[in-house]
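Chemist:
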Amino acid sequence: MKPAPFTYHNPKTIPEAVALLGKLDNAKLLAGGQSLMAMLNMRYAMPDDIVDLNDVEGLAGIELRGDALYIGAMTRQRDIEISPVVKTHCPLLVEALTNVGHRQTRNRGTIGGSLCQLDPSAELPAVAMAMDATILVQGKQGRREIAMADFPLTFMTPAIESDEIVTGVLLPLWPKGHGHAFVEFARRHGDFAVVGVAALLVVGASSRIGRASVTLCGVGARPIRLAEAEKCLLGAAAGPDAFRAAAAHAGAIDAMEDVHASKSYRQQLAETLAERALATALERAVPKT
Amino acid sequence: MADKRTITVTVNGERHQREVETRMTLADFLRHELILTGTHLGCEHGVCGACTVLLNGRTARACLTLAVQADGRSVTTVEGLAAPGGELSPLQQAFWETHGLQCGFCTPGMLVTLTEFLNENPAPTEAEVREVLTGNLCRCTGYQSIVDAALLAAERMRARV
Amino acid sequence: MASLNRFVGARVKRTEDPDLLRGRGRFVDDLHLPGMLEATFVRSPHAHARIKAIEVSAALATPGVRAVLTWKDLPASAQTRIPLLTPNPAIRDPRTQYCLAKEEVCYVGETVAVVVADSRYVAEDAAAMVEVDYDPLPAAAELTTAIQPGAATAHSGSRDNLAAQVKMACGNADEAFKRAAVIVRETFTQHRGCAHPMEARGVLADIHSITGQLTVWCSGQSPFLEKKCLVDLLAWDPVRLRVIHPDVGGGFGPKGIFYSEEAVVAAAAVKLNRPVKWIEDRREHFLATTQERDQVWETELALDSNAKILGLRVSMIHDNGAYLPWGIILPWIAVTTTPGPYVVPNITVEARVVFTNKVPTTPVRGAGRPQGVFAMERILDKAAGEIGIGRDEIRRRNLVQPAQMPYEVGFIYRDGKPVIYDSGDYPACQAKALELADYAGFAARQDLALREGRYIGIGIGSYVEGTGLGPFEGAIVRVQQNGRVTIQTGAAPHGQGHKTTLAQICADQLGVGLDRIDVVTADTDAISMGIGTFASRITVNAGNSVHIAAQAVRQKLLKLAGFLLETAEADLELTDARVSVKGVPGRHKTFAELARTAQGMPGFSFPEGVTCGMEHTEYFSPERSTYCNGTHVAEVEVDIRTGYIKVLRYSVAHDSGNLINPLIVDGQIQGGVAHGIGNALFEWMGYDDNAQPVTTNFGEYLLPMATDVPRVKMAHIETPSPLNPLGVKGAGEGGTIPAAAAITAAIEDALSPFGVKLTQTPVFPQRIVELLKAAGAYAKDAPRRKPVPA
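Protein sequences, first through last, are from chains A, B and C. Residue numbers are given in our numbering: position 156 of the first sequence equals residue 636, and the series is strictly consecutive. Residue numbers are given in our numbering: position 55 of the second sequence equals residue 87, and the series is strictly consecutive. Residue numbers are given in our numbering: position 439 of the third sequence equals residue 687, and the series is strictly consecutive.
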C-alpha cells in the first residue's frame, strides 16, 4: 500500500498556496494527513500534485476576537483540545475533540482539514454547525467568509472554489454559564460517530431555556441543526419533559442508511443521544438569575 | 521522472541527509533508508499504531507522514528510548517485568505512545492509560500487561523524582 | 539426582524481550540483502472468473521493473496446484489453488501475476498496468445458498459445492431422542472473522552466490511444512533449501499453512538470481490470508426429567471458501468438540463442508472449537431455561466427573486417535470460575442494577480442548565447546515465548541459568525434522523433547565427568555449568571442558559407555492428544437504548496441566479472551452478494482495543497430564474458545426482562436494538434508562 507518484509542493505563504492551486488541475491539499495519507496509501486518491500546507506561515493559532473564538485552519486538534482559552470559552469544542480519533491523530490532524473533509460522522463540522461558525476562505479572488450552514455543498465537498483554501474559522461564543455537551455513539473509543449530538443551552430565570442549539452528525451528508427541536425548547422549563419532546424531533429525522447502521437505528440513537446531551448540558449550565 | 527532494532529518539525535522520492512515507524512510527497523508497519492506514514515532516531540503515525514532511525536524523512534549506554528506560523495563509483549510487533508503537503520555501524565489512572492506548492495537496480549507496565513505570518514575 | 526445579513453574521474564523492546526485532521486512528486489501481486478483482488473456508489456516496460510473471512463466514443477497438506478420505474434491492462476480465479484476491521491481512503490505502479482480460462467472457467494441444489458452483465444471461430508456417531442418538423428557432445538449462525496478527505475512527468498543454497525467510508458523512444499514446487534439492522463520509478529493459525506467494517469490528469486522480498500489506491480508468465517449449526439436545443429557444431534454447514489448503481439519474439530466437558452418551454430528468463491478457511485461534462450544453451551442454557433450573446447575449435573477419567467420548479426533479426555477436574474448575466471578452474588447485583435502570447479565462457557497434537516436535540439546548450551528445535514461535519456556525446562536439568542457554527455533537447517507451532502443541511436544534430551545430556555430562574425575556419579553435582565432586572444592570439570573432550581427538578412544558429543536429539511423540479445560464467566452490561455492550468482568478458571511459566500462560489467556471478545462483539468479515469483500481495512473490520477488554481474573488448576513426562498440556487457545458463548449468554441474561434470544454471533448494538424493538422494549410507557459509561 504505497502512494502513486505525485509532484510535491510545500508553499511557505498563503498567496503561494493559492497560486499553486490556481494552476494545478489535479491537486490535493495536505493538512494533517490523517485522512488523505490513508487514501494515498490505498491509492483511492491519485492526485498529480500534493500541496502541503504544513509549512505555510500564519495558518495556525487560537485567539479571542471580540465575541468570537478564532482558530487558524492548520491548528492541530491537540492544541485546541488542551488550550485554556478554548476550555474557558468553548468547552463544547474540547468535549467534541476527546471523541476525535486517537492521540496520534489529534497531534497531526487540523481543524481546517476536518472541516474541509466534511466526513458525515465528523465531530468538528458538527460543532461548527452548532455554533453558527463562519469559515474564512482565501483564493485568487481574495478573502471571503462562508456561513457554516452554507459550507457543505454536497457529500464530503465544501462550497469553495478549486483555488481557495480555508484559512480559519470563527466561532461566535456562547455566554458565560452556558451548558454544553457533545455525546456520540461509536463502536469503540475514538471511532467515527455512528451518530453524535452537540447541545448548547442557556438557562434563564425560573429555569426557562433562553437559547438552545441541537446538532446531529452521522445522520446524513451534512451536520443537521434541529430547528424544530430548538424551537420547542425555547421558553420551556429545562428538564426531562422538554428534553424528551426535543429528542423526539431528533428521532424523526430522515437518517441515512448504510453498511454501518440502518435508518431506524440511527433514528433511535439520535433520539437517545439528544436526550442525554440535553440533560448533560443542563447539569453544566449555570442558570442566569 | 520520479519527484525527489533532499531532506535533512534528525533521528534519535543523529542528523541524516538523504535524497528521497516525495511519495515515500516517513515509516519507509526510517526502515529502508536509515535501516531503523524498530518502527513497524501493521496497516498503512492509520489505525494500528505500530508505526508511532515522535515527530518534533509529539506522537505521529509514520505511515501517514511523508518523509519530506520530516525535513528540518526531529524524530524519535523506539531505538532512541533506551539510555545512551543501553540501559532500558523505566517503561521498557516495566514492560519486561509485566510480560507486556508477546510477539513484539506492536511494542515499539506502544512504547512511544506511552513515553509521550507518561511525560505529561506522571500519575495516570488505569482508565486514562487504556484511553491513550486506543490508538495502538495489540492482537497478542489483551492489553492488561501493557496497562500494568505503564502504571508500574509511572509509579517508579514518580519515586525517582 | 532430582532436577533443581528452579525455573519450571516460575514466573520468569522472557529472554526474547530486551531485543524486542529496543526495536531490535528481526521480522522479515526488517531483513535487507544487497541487490534485493521487491514484489507485489496482481490479484483477482472477481470472485469467480475465467482468465482469457494477460497483457504484461506495459508493466514490464516500467523503469525499475525486473520481471512480471504469470502461470506460464513458472517452472513446470510450480505449475501444479499447491499441496493439500492434510488429506482426508471424506473430501470429495481435494482442490487447492495454483501458485499463479492458470485459467480460472475463484476468490477476490487470488494471485494472478507477480511484479518484481526495485521497490514496492514501483512494483505497485507497474502492477496497476498489468491488464487481465476476465470473463466473469456466477459466484457461489454465500454458504446457505451455495449448498442448495442448482446453486452457482464455485468451480466451473463442478456439479455442486459440497467439498466434503463428515458424519460421526456414538451410541444411538435417535433412540435417545425418542425417550427424552425434554428436547431443545436451536439453530446457531456463527461467524468468526480473521486472524489479523499485527504483522501480516511476508517472504524473502535468496540464492547464495557461492553455495547456491536457496534460503527462504518467511513470517510463518511451520518451516518444515513450508520446506516440504517448496522442495516439490521448485523441484529443488532438499539439502540446499533452507526455510527460516525469523521474528514473527503473531500468527494465530493462518500463517501455518502454505501459500502460493511463498512459492512464487522463491521461484522469482531463482529466475532472477537476486533476493526477492514480498511483504503482505493489510489489504492483502484481508483478501488473501485464510480466515474462519461462517457456520450454521442445527442443534438438538435430548434430556431426561432430571436434566441429564441423553443425546445430542448436530447438523452443521461450514463455509470453506474456494479451496481446501488445510483439508477439513477446521470443521472436523468443530463438530468433535461439541460434547465438551459433559457426559453425552449418544451423539450424532454431521458436517457439510461447502465451497464458496471466497478466500479459503483454515483454523484461527480456537480452530473451530469456539463454534462447537457455542452450540453446546447455548443449547444447555436454553434447556436450563425450559426446565427451570440454574445454568450452573444444569452443567453441574452433566459434567464428566474426575472419577470417570480417562473418559472416552466416542469420536475420532483430527489426529486419527480416539477422543479420550485424559485428566482434569471439570466440576472443580467450574466451581472455581463461579467463585472468581462471584456468581452466587450475581442475582443480587442484577436486582440492584435493574432498580437503578441498568441491565447486567452473566454467562458461563466451558470447554475441553485437545492439545499437544503430534506427531512430534524435536529438540537437540547440546553443550558447546565454549560451555554455552544450545537448544535447536523445529518449534516456530510467534509470541508464545518458546525460547524462554524451553530454556527453563533445559535449565532445570542442567543446573544452569537461562543466560547460558541459546535457543534456535524455526530453522530447517538447525534440526532434521519438524512440524511447527499451532494447535497448542509445542509445550507438550518440544517441551518434552527438550526435557528428555536435557536429561540425556545430564547423564552424559555425569558419565564423562565421572570417568575423568575418577568419581562415582552419585558423588557428583551439576552447578554453575560445572560437574563438581560434592564437598571437594576445586575438583570439577567445566561444561566447556567436557564438551571439548566429547568432541573427540584423532586416535584417542572414548572410554567404555561414553559416546561422542555432548548432545542429544529427542523427538518426543505423544501417544495421543492431551485435553486441557476451562470455564469462563462473563458479566456484561447492555445499554438498551443504544445496544452498547460492555464487558464488566471476566473470570477464567483454567487447567492446562503443569505450567512451565505461569506469567506466559496468563498472557495467553488474557490475549485469548481479547480475541474472544472480538469474535463476540466486534469482528465481522463481510462479503456482498457477489462475494466481494466489503470490510477491507481496520476502520471497517473492528478489532478490540484497550478500552474493550477488561482485566481477566484467573485461577489456574494444575491437573498434570498423564501422557507426557512433564505433565503439561497446551495453553494457547483456551482464552478464546468459550468466550463468545459466555458473552452471548451474558447479553441474553441481561436482556431477559424482554425475552430476547441471541442465536447469532457476532452480536452488534444495532441487532440488540432491533431485537428489543421487536420485543416491545421501547413501547411508549417503557421507562428511560441510564447510559453505560464507555
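Using N, Cα and C, we set each Cβ at its ideal position, and we do this for glycine too. Just so it is clear, the structure is predicted and the values come from calculations on it, not from any experiment.
Would you check whether the ligand SAM has a heavy atom nearer than 7 Å to the C-beta of residue 839 of chain C?
Modeler: For the structure depicted, the ligand SAM is absent and the ligand set is empty, with no information on it obtainable.
Chemist: Just confirm the distance between the C-beta atoms of residue 206 of chain C and residue 287 of chain C, as a whole number of angstroms; I'd bet it's less than 8 Å.
Modeler: Nothing can be reported for residue 206 of chain C, as the shown portion of chain C is limited to 249 through 1038.
Chemist: Restricting to Cα atoms, I'd like to know which of C/672, C/324, C/707, C/586 is closest to residue 998 of chain C.
Modeler: Of the listed residues, the one whose Cα sits closest to residue 998 of chain C is C/707.
Chemist: Using a threshold of 8 Å, state whether the C-beta atoms of residue 954 of chain C and residue 179 of chain B are closer than that.
Modeler: The answer is yes: Cβ separation under 8 Å.
Chemist: Just curious, the beta strand (DSSP E) that residue 255 of chain C is in, first and last residue?
Modeler: Residue 255 of chain C -> no beta strand (DSSP E), and no H or E assigned at all.
Chemist: Assuming residue 49 of chain B is part of the alpha helix (DSSP H), what are its boundary residues?
Modeler: Element bounds for residue 49 of chain B: not the alpha helix (DSSP H) but the beta strand (DSSP E), 46-53.
Chemist: Quick check on the burial criterion: 16 or more other C-beta atoms within 10 angstroms. Buried or exposed for residue 599 of chain C?
Modeler: Looking at its Cβ environment, which holds 16 or more other Cβ atoms inside 10 Å, residue 599 of chain C is buried.
Chemist: Comparing C-alpha positions only, which one of B/188, B/186, B/48, B/185 sits nearest to residue 102 of chain B?
Modeler: Closest option to residue 102 of chain B, Cα to Cα, is B/48.
Chemist: Counting along the chain, where does the beta strand (DSSP E) carrying residue 868 of chain C start and finish?
Modeler: Note, residue 868 of chain C: beta strand (DSSP E), 863-868.
Chemist: In angstroms, rounded to a whole number, what distance separates the CA positions of residue 95 of chain B and residue 974 of chain C?
Modeler: Distance between the alpha carbons of residue 95 of chain B and residue 974 of chain C is about 46 Å.
Chemist: Looking at chain A, which residues of the region 947-966 of chain C have a Cβ within less than 7 Å of any of its Cβ atoms?
Modeler: For the region 947-966 of chain C, which is checked against every Cβ of chain A, the residues closer than 7 Å are 950, 953, 955, 956.
Chemist: How do the region 573-591 of chain A and the region 551-563 of chain A stand: do at least 3 beta-carbon pairs fall below 8 Å, yes or no?
Modeler: Yes, since at least three Cβ pairs between the region 573-591 of chain A and the region 551-563 of chain A fall closer than 8 Å, the two stretches touch.
Chemist: Which residues mark the beginning and the end of the alpha helix (DSSP H) in which residue 801 of chain C is found?
Modeler: Note, residue 801 of chain C: alpha helix (DSSP H), 786-813.
Chemist: Mind checking whether residue 254 of chain C and residue 824 of chain C have CB atoms under 8 Å apart?
Modeler: Against a cut-off of 8 Å, the Cβ pair of residue 824 of chain C and residue 254 of chain C comes out as no contact.
Chemist: Based on Cα-Cα distance, which residue from C/622, C/498, C/700, C/852 lies nearest to residue 448 of chain C?
Modeler: Ranking the options by Cα distance to residue 448 of chain C, first place goes to C/498.
Chemist: Residues of chain A with CB under 9 Å from residue 935 of chain C, in chain order?
Modeler: The premise fails here: residue 935 of chain C is roughly 12 Å from chain A at the closest Cβ pair, so nothing lies under 9 Å.
Chemist: Secondary structure at residue 502 of chain A, three-state DSSP: helix, strand or coil?
Modeler: Correct three-state label for residue 502 of chain A: helix.
Chemist: Who are the neighbours of residue 79 of chain B on chain C, taking C-beta pairs under 8 Å?
Modeler: The contacting residues are 945, 946, 947.
Chemist: Where do the ends of the alpha helix (DSSP H) carrying residue 665 of chain A lie?
Modeler: It is not in any alpha helix (DSSP H) - residue 665 of chain A instead sits in the beta strand (DSSP E) that spans 659-665.
Chemist: Does the beta carbon of residue 379 of chain C sit closer than 8 Å to a beta carbon anywhere in chain A?
Modeler: It does not: the Cβ of residue 379 of chain C has no partner Cβ on chain A nearer than 8 Å.
Chemist: Assuming residue 619 of chain C is part of the alpha helix (DSSP H), what are its boundary residues?
Modeler: Here the alpha helix (DSSP H) through residue 619 of chain C covers 617-635.
Chemist: Any idea what DSSP makes of residue 836 of chain C, helix, strand or coil?
Modeler: Note: residue 836 of chain C maps to strand in three-state DSSP.
Chemist: Any residues in the region 655-685 of chain A with a beta carbon nearer than 8 Å to a beta carbon of chain B? Which ones, in chain order?
Modeler: The region 655-685 of chain A vs chain B, Cβ under 8 Å: 668, 669, 670.
Chemist: For residue 770 of chain C, which residues in the same chain have their Cβ closer than 6 Å to its Cβ, ignoring the five residues on either side in sequence?
Modeler: Cβ neighbours of residue 770 of chain C beyond the five flanking positions: 471, 493, 740.
Chemist: Is the region 448-465 of chain C close to the region 514-534 of chain C, with three or more CB pairs under 8 Å?
Modeler: Yes, since at least three Cβ pairs between the region 448-465 of chain C and the region 514-534 of chain C fall closer than 8 Å, the two stretches touch.
Chemist: Return no unless some Cβ of chain B is closer than 8 Å to the Cβ of residue 609 of chain A.
Modeler: With 8 Å as the cut-off, residue 609 of chain A does not count as an interface residue toward chain B.
Chemist: In whole angstroms, give me the CA-to-CA distance for residue 952 of chain C and residue 709 of chain C.
Modeler: Computed Cα separation, rounded: 20 Å.
Chemist: Check residue 564 of chain C in the structure and name its three-state DSSP category.
Modeler: Looking at residue 564 of chain C - three-state DSSP - the assignment turns out to be strand.
Chemist: Starting from the beta carbon of residue 739 of chain A, find every residue of chain C whose beta carbon is closer than 7 Å, and list them in chain order.
Modeler: Here the neighbours are 942.
Chemist: With distances taken from CA atoms, which of A/751, A/740, A/742 is nearest residue 729 of chain A?
Modeler: Minimum Cα distance to residue 729 of chain A is reached at A/751.
Chemist: Does the beta-carbon distance from residue 784 of chain C to residue 721 of chain C come in below 8 Å?
Modeler: No, Cβ-Cβ distance for residue 784 of chain C and residue 721 of chain C is not below 8 Å.
Chemist: If the criterion is Cβ atoms closer than 8 Å, does the pair residue 638 of chain A and residue 697 of chain A meet it?
Modeler: No.
Chemist: Just tell me which of C/683, C/1008, C/512 has its CA closest to the CA of residue 325 of chain C.
Modeler: The shortest Cα separation from residue 325 of chain C among C/683, C/1008, C/512 belongs to C/512.
Chemist: Look up residue 697 of chain A in the DSSP assignment and say whether it is helix, strand or coil.
Modeler: Here residue 697 of chain A sits in strand by DSSP.
Chemist: Check whether the region 83-91 of chain B and the region 757-767 of chain A are in contact - that is, three or more C-beta pairs closer than 8 Å.
Modeler: Output reads no: the region 757-767 of chain A does not touch the region 83-91 of chain B.
Chemist: At 8 Å on the CB atoms, spell out the chain A contacts of residue 74 of chain B, in chain order.
Modeler: None at all; the shortest Cβ gap to chain A is about 11 Å.
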